[in-house]
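**Q**
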Amino acid sequence: MALADELDPLGSLHDWVAFDLRRYRLAHGMSQADVGRILNVRRSAVHNYESGLRPLDIEHARKLDSAWDTCGHFERLVTHANQQHDSGWFQQFLRYERRAKIIRAYEALVIPGLLQTPDYARAFLIAGGVPDVDAAVKMRIERQQVLDRDPPPRLSVLLDEGILSRPVGGKAVMRAQLAYLLEAGERPNVSIRVVPIDVGEHLGLDGSFEVIETENDTVAYLEAQGGGRLDRGTKGVERMMVNYDRIGDQALPVNLSRRLMETAMEAMT
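The numbers in this note's numbering rise by one with no breaks, and the one at position 202 of the sequence shown is 198.
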């Protein structure tokens, strides 16, 4: 379970909400069950709010303001957190990824981080001008341990075909990366399909994204130049789920996708 000390209230508005919820609760001498009675939810829901596993919704924020006479403090915080880009998005993303039950990823340009080899990751990070490449590679590889969790999450990946022919790090590095991709695809919890170039235009041309489903929540991660953002809104998540399904309708089945990967690997000589 997430701990309160994982929160970064200075770097994330959503973490600030979670931090203040716990702070005000303790100041009022209340248990999580007591707050649950105010909000008409179970104690576990309050725990998830305080741990940052689930964002506080606006109606519950108003109930807290009314119960604790906080003059709209929680409503204002939640409103701003929902409307603004959150600089602490990456730590929140990692928090969701560590607890994922299902990860659906569409990648337009590179192999997804959870399936990258160290050499491929290093080449990509160097090209991106990352200051401490060694630390970044280490973190990326450590993230992959989530796939070895018991039980592991289900990882469903859609790759644009162009990724397979781009020799990131050179042909030798890319050949090893494609071999690793084929190996990863043999895991029972991993599905990798390719969206062929001859499909033409499709919804994935707008950019890469992920939809992460945990025990308590579902969020969408949208990639952007120089960073990314998390979308927790129901409409935003539903839109990304629909986009994923529609892109998937145009992807090749797993067996034909593997043939494309094998052909691309043979070309990296």
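C-beta atoms are modelled at their ideal positions from N, C-alpha and C, and glycine is treated no differently.
Which one of V13, M257 and T265 has the shortest CA to CA distance from E157?
**A** Checking every option, the nearest Cα to that of E157 belongs to M257.
**Q** Is the separation between the beta-carbon of T210 and that of A96 shorter than 8 Å?
**A** In this structure, A96 lies closer than 8 Å to T210 by Cβ.
**Q** How would you write the range of the alpha helix (DSSP H) that D11 sits in, first residue to last?
**A** D11 -> alpha helix (DSSP H) spans L9 to A23.
**Q** What residues match up with Y217 in a beta bridge as DSSP calls it?
**A** Its beta-bridge partners are E206 and L226.
**Q** Cutting at 6 Å between CB atoms, please list the residues of its own chain near P51, excluding the five before and the five after it.
**A** H10 and R228, listed in sequence order.
**Q** Cβ atoms of P163 and M264: under 8 Å apart, would you say?
**A** Cβ atoms of M264 and P163: closer than 8 Å.
**Q** Given that a residue counts as buried once 16 or more other Cβ atoms are within 10 Å of its Cβ, and exposed if not, what is R19?
**A** Exposed, by the Cβ-count rule.
**Q** Which residues in the same chain as E219 place their Cβ atom closer than 6 Å to its Cβ, once the five residues preceding and following it in sequence are excluded?
**A** Closer than 6 Å at the Cβ level, and outside the excluded window around E219, lie G203 and S204.
**Q** When you compare each of R91, I188, I159 and P184 to G244 by their alpha carbons, which one comes out closest?
**A** Nearest option by C-alpha distance: I188.
**Q** In whole angstroms, what is the alpha-carbon distance linking A117 and Q140?
**A** Going by the C-alpha atoms only, they are around 12 Å apart.
**Q** Short of 7 Å in beta carbon distance, which residues of its chain neighbour Y92, apart from the five on each side in sequence? Order them along the chain.
**A** Cβ neighbours of Y92 beyond the five flanking positions: I208, T210 and V215.
**Q** Note down, in chain order, each residue of its chain lying with its Cβ closer than 8 Å to the Cβ of S161, except the 5 sequence neighbours on either side.
**A** Around S161: A260 and A263.
**Q** In angstroms, rounded to a whole number, what distance separates the CA positions of L151 and N185?
**A** One C-alpha to the other measures close to 6 Å.
**Q** Using three-state DSSP, classify D156 as helix, strand or coil.
**A** Strand, per DSSP.
**Q** My guess is that F89 and L226 are in contact by the Cβ rule of under 8 Å, so how many angstroms apart are they, rounded?
**A** The pair is a contact, with the Cβ atoms about 6 Å apart (cut-off 8 Å).
**Q** Could you tell me which of A104, D16 and I99 sits nearest to V74, measuring between CA atoms?
**A** The residue with the shortest Cα to Cα distance from V74 is D16.
**Q** Helix, strand or coil: how does DSSP classify V190 here?
**A** Of the three classes helix, strand and coil, the one that applies to V190 here is strand, per DSSP.
**Q** Rounded to a whole number of angstroms, what is the C-alpha to C-alpha distance between H69 and E46?
**A** Going from the Cα of H69 to the Cα of E46 covers about 16 Å.
**Q** Please classify L177: does DSSP put it in a helix, a strand, or coil?
**A** L177: helix per DSSP, three-state reduction.
**Q** Run through DSSP, which three-state label would I122 get?
**A** It is helical.
**Q** Less than 8 Å between the CB atoms is what I'm expecting for R136 and G109, so what's the real figure, rounded?
**A** The pair is a contact, with the Cβ atoms about 5 Å apart (cut-off 8 Å).
**Q** At the level of alpha carbons, what is the spacing between N44 and E138?
**A** Rounded to the nearest angstrom, the two C-alpha atoms are 25 Å apart.
**Q** Taking E258 as part of the alpha helix (DSSP H), name the residues at either end of that continuous run.
**A** Run containing E258: V250 to A263, per the alpha helix (DSSP H) assignment.
**Q** I'd like to know whether the C-beta atoms of V153 and A119 end up nearer to each other than 8 Å.
**A** Cβ atoms of V153 and A119: not closer than 8 Å.
**Q** According to DSSP, is D182 helix, strand or coil?
**A** The question names Asp, yet the displayed sequence has Glu at residue 182. Correct three-state label for E182: coil.
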